[in-house]
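Below: one structure, written as structure tokens.
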Amino acid sequence: MAAAASSGGIPEADRVLLEAAEDEAAGIAPADVKIILLGDSAVGKSKLVERFLLDKYKPRTRSTFALTLYRYNTTVPADEEVGETGGGPLTVDFWDTAGQEKFASMHPSYYYRAHACILVFDVTRKPTYQHLPNWYEELRGFCPHIPAFVVANKIDMNEKATTKRFAFATKNSLPLVYGSAADGTNVVRVFHESIRAAWRYKNHGDDLEAMLYRMLDDPTFGHKAAEGDEAEEKAAVVASARRVG
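In terms of our numbering, the sequence shown opens at residue -14 and continues consecutively.
Listed below in structure tokens is the structure:
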């Protein structure tokens, strides 16, 4: 599916609202988690997603800026680390750059409320590895704490690459996976791990941004806030009455 053209100067807040309205009009509910892919052009980001999903997906494009979304329906993964037994329904959106990476940066909307990131480079093209620090710096500028993974893609074209140590992943304490979209090596593994990490971050991340979004996503948040205001008012009345008495 061809990528849609960028819409130019739509303000960020309006852009996000417009995208949400598009989804609502199309009957598409927001996904439970959002996983973004980053890396230079032609490193195989789209092929990795499509290999993982094996055609069990519904690609669609944003009309407001160039990207492709892959909606994936699965189940909540078990996670012993946080006591998650798993099993419930889970929807995942994989966001693919659809050519935006040619401009060496992504629009802020791409990072908005992302829960995990997969950074991809091509083991047959050294510059794509050398550019990872630039992508990672931009990622952390928008998403300081989300889990990230590094995929050394196309190892089917250079088997010796699996014997190399890529310092970028070690330096930034990121999991490194040697993979191939062509033959499927480690593709399922990295996507399953990213889904588990994204779900864990969304529900258990202890940074301010994660906690804020959990609060905003809580359907009882407004009710709780109103109850809190009412309780404060009652306490103030009681205190005032005591002073008068």
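Even for Gly, the Cβ is constructed at its ideal location relative to N, Cα and C.
Alpha carbon to alpha carbon, how far is residue i from residue j?
{"i": "residue 156", "j": "residue 124", "result": "16 Å"}
{"i": "residue 93", "j": "residue 162", "result": "27 Å"}
{"i": "residue 58", "j": "residue 80", "result": "15 Å"}
{"i": "residue 132", "j": "residue 104", "result": "11 Å"}
{"i": "residue 117", "j": "residue 191", "result": "26 Å"}
{"i": "residue 126", "j": "residue 142", "result": "33 Å"}
{"i": "residue 195", "j": "residue 19", "result": "13 Å"}
{"i": "residue 114", "j": "residue 179", "result": "20 Å"}
{"i": "residue 90", "j": "residue 122", "result": "10 Å"}
{"i": "residue 173", "j": "residue 152", "result": "24 Å"}
When we look at the beta-carbon of residue i and count the other beta-carbons within 10 Å, is it buried (16 or more) or exposed?
{"i": "residue 10", "result": "Because residue 10 carries a pLDDT of 43, less than 50, the predicted location of this residue cannot be relied on, and no value is offered for it."}
{"i": "residue 24", "result": "buried"}
{"i": "residue 185", "result": "buried"}
{"i": "residue 17", "result": "buried"}
{"i": "residue 63", "result": "exposed"}
{"i": "residue 29", "result": "buried"}
{"i": "residue 158", "result": "exposed"}
{"i": "residue 181", "result": "buried"}
{"i": "residue 164", "result": "buried"}
Can you list, in chain order, the residues of its chain with a C-beta nearer than 6 Å to that of residue i? Leave out the 5 residues immediately preceding and following it.
{"i": "residue 160", "result": "134"}
{"i": "residue 21", "result": "80, 99, 102"}
{"i": "residue 183", "result": "18, 20, 100, 101"}
{"i": "residue 128", "result": "96, 99"}
Considering only residues of the same chain and omitting the five flanking positions on each side of residue i, which have a CB-CB separation below 7 Å?
{"i": "residue 169", "result": "36"}
{"i": "residue 38", "result": "55, 57"}
Does the contact criterion of 3 or more C-beta pairs under 8 Å hold for the region 131 to 147 versus the region 58 to 68? no
Three-pair Cβ contact test at 8 Å for the region 21 to 39 versus the region 106 to 119: yes
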